[in-house]
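Q: The sequence shown begins at 20 in the working numbering and counts up by one.
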Amino acid sequence: MHPLQNLTVLLVEDTWQIRNLLTSILTQLGFGKVIRASNGAEAIQLIKLMRDNPVKAGFSNIDLVLSDWVMDPVDGPMLLRWIRRHKESPDRFMPFVMISAYSDDARVEMARDLGVNEFLSKPFTVREVARHLEAVVRDGREFCRTSIYFGPNRRRKREAPDMGERRVHKKNGDVIKSSKDFGIRFYPQPRTLISKLVSGGDISPDVLFDWDKLEDMEQDLDRFSEDFMDWTAEYLQQLQVYYKAAADLPEDKRKPPLVKISMIAHELRGQGGVFGYPLISSIAESLFDLTHQMLDRSDDSLKLVKEHLDALKAVLREKVRGDGGGLGIALMQALQMANRKFISRSKASHLVSRRFVLQNSYSQEDLDKRGSEMRKPGHIQKFGDQPSAE
Numbered sequence: 020m021h022p023l024q025n026l027t028v029l030l031v032e033d034t035w036q037i038r039n040l041l042t043s044i045l046t047q048l049g050f051g052k053v054i055r056a057s058n059g060a061e062a063i064q065l066i067k068l069m070r071d072n073p074v075k076a077g078f079s080n081i082d083l084v085l086s087d088w089v090m091d092p093v094d095g096p097m098l099l100r101w102i103r104r105h106k107e108s109p110d111r112f113m114p115f116v117m118i119s120a121y122s123d124d125a126r127v128e129m130a131r132d133l134g135v136n137e138f139l140s141k142p143f144t145v146r147e148v149a150r151h152l153e154a155v156v157r158d159g160r161e162f163c164r165t166s167i168y169f170g171p172n173r174r175r176k177r178e179a180p181d182m183g184e185r186r187v188h189k190k191n192g193d194v195i196k197s198s199k200d201f202g203i204r205f206y207p208q209p210r211t212l213i214s215k216l217v218s219g220g221d222i223s224p225d226v227l228f229d230w231d232k233l234e235d236m237e238q239d240l241d242r243f244s245e246d247f248m249d250w251t252a253e254y255l256q257q258l259q260v261y262y263k264a265a266a267d268l269p270e271d272k273r274k275p276p277l278v279k280i281s282m283i284a285h286e287l288r289g290q291g292g293v294f295g296y297p298l299i300s301s302i303a304e305s306l307f308d309l310t311h312q313m314l315d316r317s318d319d320s321l322k323l324v325k326e327h328l329d330a331l332k333a334v335l336r337e338k339v340r341g342d343g344g345g346l347g348i349a350l351m352q353a354l355q356m357a358n359r360k361f362i363s364r365s366k367a368s369h370l371v372s373r374r375f376v377l378q379n380s381y382s383q384e385d386l387d388k389r390g391s392e393m394r395k396p397g398h399i400q401k402f403g404d405q406p407s408a409e
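#1: Which residues in the same chain have their Cβ closer than 6 Å to the Cβ of Gln383, if we skip the five residues on either side of it in sequence?
#2: Can you list the alpha helix (DSSP H) stretches of 4 or more residues lying completely in the region 79-120, in chain order?
#3: Once DSSP output is grouped into helix, strand and coil, what is the label at Lys141?
#4: Can you check which of these residues, Leu350, Gly343, Leu323, Gln312, is closest to Ala330 by C-alpha distance?
#5: Per DSSP, Gly170 is paired with what?
#6: Verify whether the separation of the beta carbon atoms of Val156 and Leu212 is less than 7 Å.
#7: DSSP on Phe228, reduced to helix/strand/coil?
#8: DSSP three-state call for Thr34: helix, strand or coil?
#9: Counting Cβ pairs, one atom from each stretch, are 3 or more of them under 8 Å apart for the region 287-303 and the region 133-146?
#10: How many angstroms separate the CA atom of Phe375 from the CA atom of Leu323?
#11: Restricting to runs no shorter than 4 residues, where is the alpha helix (DSSP H) found entirely within the region 303-351?
#12: Can we count Asp246 as close to the ligand NAD, meaning its CB is less than 6 Å from some heavy atom?
#13: Pull up the distance between the alpha-carbon of Glu253 and that of Leu306, whole angstroms please.
#14: Got a sec? Which residues, its chain only, sit under 8 Å from Thr42 by beta carbon, not counting five neighbours each side?
#15: Residue range of the alpha helix (DSSP H) that Phe375 falls in?
#16: Looking only at DSSP bridge pairs, what is Ile54 linked to?
#17: Quick check on this structure: which residue in Gly343, Lys338, His311, Ala303 has the alpha carbon closest to the alpha carbon of Glu326?
#18: Please list, in chain order, all residues of the same chain as His311 whose beta carbon is under 6 Å from its beta carbon, the five residues on each side excluded.
#19: Looking at the secondary structure, which residues open and close the beta strand (DSSP E) in which Arg242 lies?
#20: Using the C-alpha atoms, what's the distance from Val93 back to Tyr168?
#21: Assign Arg210 to one of three DSSP states: helix, strand, or coil.
#22: From which residue to which residue does the alpha helix (DSSP H) around Pro275 run?
#23: Using the Cβ count rule (16 or more neighbours within 10 Å means buried), how would you classify Gly345?
#24: Helix, strand or coil, according to DSSP, for Arg70 in the structure here?
#25: In or out: Pro209 buried (at least 16 other Cβ within 10 Å) or exposed?
#26: Is the beta carbon of Phe50 less than 7 Å from the beta carbon of Leu85?
#27: Between which two residues does the alpha helix (DSSP H) carrying Glu128 extend?
#28: Grouping DSSP H, G and I as helix and E and B as strand, with all else coil, what is Arg150?
#29: Our contact map puts Gln47 next to Met236 with C-beta atoms below 8 Å; I'd like the distance itself, whole angstroms only.
#30: Below 7 Å between beta carbons: does that hold for Phe78 and Leu99?
#31: Do you know offhand how far Asp200's Cα is from Thr165's?
#32: Are the CB atoms of Arg103 and Gly170 within a distance shorter than 7 Å?
#33: Note down, in chain order, each residue of its chain lying with its Cβ closer than 6 Å to the Cβ of Ala266, except the 5 sequence neighbours on either side.
#34: By the 10 Å Cβ neighbour count, where 16 or more other Cβ atoms means buried, how is Asp318 classified, buried or exposed?
#35: Nearest CA to the CA of Leu410: which residue from Asn58, Val334, Asn39?
#36: Determine the DSSP secondary structure at Asp181, reduced to helix, strand or coil.
Okay, structure coming up:
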């Protein structure tokens with residue numbers, strides 16, 4: 020029997036493509052049961068049903084949660100907050116992995132402040148999924164409670180912050196360390212996942228996953244990639260509908276369709292790299308950075324949105340996979356030049372995200388250097404890559 024066969028995973032993901040992909044990955048990695056929910060609200064209902072009527076739910080425990088960040092009506096952070104702090108949560112120690120295309124330091128820190136165990140960035144590979152899941156299974160950190168936080172001790176080492184006198188109390192055989200002055204209490208996990216799998220000692224690092232077979236799993240997942248261009252074509256149709264809706268409205272009425280454009284761009288930037296189309300992720304990332312604050316609704320901004328849609332259309336038309344080679348470089352350089360023009364000419368450029376401005380603040384000489392770097396073997400294209408210093 021596979022060592023993970025007795026573990027149940029709650030997978031919470033609103034896009035069916037990623038949900039199906041992760042279900043396949045989790046099953047092939049050896050997890051015995053994968054419970055699926057399409058948003059945080061549905062996940063909470065499943066957890067409550069398990070607590071109140073496990074027979075009806077079809078499962079009696081959830082060993083770990085794997086959840087996307089952006090979902091409606093309840094997103095990943097709200098779900099994590101409910102699990103960690105709500106009185107109706109049946110297990111506040113439940114291991115939690117957050118998945119998101121938001122991989123900036125601020126988002127990662129926010130997830131940590133809510134009590135996440137691991138943070139998996141999109142786009143991801145099978146190996147990255149396995150690495151984060153193994154970290155969760157082996158995570159034996161004690162939990163920390165303050166007036167505003169409950170979750171794993173954010174120090175990876177088994178030590179507490181130096182905050183003055185610490186007193187140790189014994190209760191029911193468990194050791195609870197506290198610092199009375201600062202209101203901090205530490206709790207050992209009632210039962211870690213690794214202790215559930217193995218009793219009487221540690222297990223070999225190679226037992227959980229056969230790392231040599233992960234490459235084969237990547238190949239098996241090509242069937243998902245074959246359908247991705249069809250999904251992208253559907254996304255592009257939706258983007259064009261929302262673009263036209265925004266163009267037909269006065270500036271002060273354009274927010275709703277621009278919100279939709281931003282949400283679709285967010286999905287695409289996370290999915291492209293996962294399914295073998297990093298060029299689509301790069302274009303979508305730029306579109307998201309342009310639109311996600313929804314403060315600039317000018318005609319100039321809409322023209323730039325259209326240039327992003329035209330770039331996506333070119334990728335679909337040419338069926339470009341990977342980084343697109345010379346065509347990919349040309350598309351990204353043309354798009355970045357358009358972005359730079361917008362920043363330099365638009366009076367409302369301060370209304371777009373700071374990241375968008377920083378990613379497009381290079382000179383023509385920088386762009387030429389970047390093109391040379393991207394032509395070197397082994398370069399992984401990423402939008403806004405800075406040219407290496409010479």
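Positions of the beta carbon are idealized from the N, C-alpha and C atoms, including for glycine.
A: Let me spell this out:
#1: Here Gln383 scores only 49 on pLDDT, less than 50, and its place in the model is too uncertain to base an answer on.
#2: Here the runs fully enclosed are 95-104.
#3: In the three-state scheme derived from DSSP, where H, G and I count as helix and E and B as strand, Lys141 is classed as coil.
#4: It is Leu350.
#5: According to DSSP, Gly170 bridges with Cys163.
#6: Closer than 7 Å, so yes.
#7: The answer is coil: DSSP assigns Phe228 none of H, G, I, E or B.
#8: Note: Thr34 maps to coil in three-state DSSP.
#9: Output reads yes: the region 133-146 touches the region 287-303.
#10: The alpha-carbon atoms of Phe375 and Leu323 are separated by roughly 12 Å.
#11: The alpha helix (DSSP H) runs lying completely inside the region 303-351 and spanning 4 residues or more are 318-337, given in chain order.
#12: Only the bare structure without any ligand can be found here, which leaves the ligand NAD out of the picture.
#13: Taking the straight line joining both Cα atoms gives about 17 Å.
#14: Closer than 8 Å at the Cβ level, and outside the excluded window around Thr42, lie Leu30, Val53, Arg55.
#15: Segment 373-378, the alpha helix (DSSP H) holding Phe375.
#16: Bridge partners of Ile54: Leu29.
#17: Comparing alpha-carbon positions, the option among Gly343, Lys338, His311, Ala303 lying closest to Glu326 turns out to be Ala303.
#18: Counting only residues of its own chain and dropping the five nearest sequence neighbours on each side, His311 has a CB closer than 6 Å to the CB of Ser281.
#19: Per DSSP, Arg242 lies in no beta strand (DSSP E); the unbroken alpha helix (DSSP H) holding it starts and ends at 241-266.
#20: When rounded, the distance between both Cα atoms is 20 Å.
#21: Shown here, Arg210 sits in coil according to DSSP, grouped into three states, outside any helix or strand.
#22: Unbroken alpha helix (DSSP H) run through Pro275: 274-293.
#23: Here Gly345 is exposed. Its C-beta has fewer than 16 other C-beta atoms within 10 Å.
#24: Looking at Arg70 - three-state DSSP - the assignment turns out to be helix.
#25: Exposed is the call here.
#26: Not in contact: Phe50 and Leu85 (Cβ atoms no closer than 7 Å).
#27: Segment 124-133, the alpha helix (DSSP H) holding Glu128.
#28: In this structure, Arg150 counts as helix in the three-state DSSP scheme.
#29: About 5 Å separates the beta carbons of Gln47 and Met236, which is inside the 8 Å limit, making them a contact pair.
#30: For Phe78 and Leu99, no; Cβs fall outside 7 Å.
#31: Note that Asp200 scores a pLDDT of 47, beneath 50, so its modelled location is shaky and nothing firm can be said.
#32: Judged by their CB atoms, Gly170 and Arg103 are nearer to each other than the 7 Å cut-off.
#33: Around Ala266: Leu321.
#34: Label assigned to Asp318: exposed.
#35: Absent from the model: residue 410. The displayed extent of the chain is 20 to 409, so no value can be given.
#36: A caution first: Asp181 carries a pLDDT of 46, below 50, which makes its placement in the model too unreliable to give a value.
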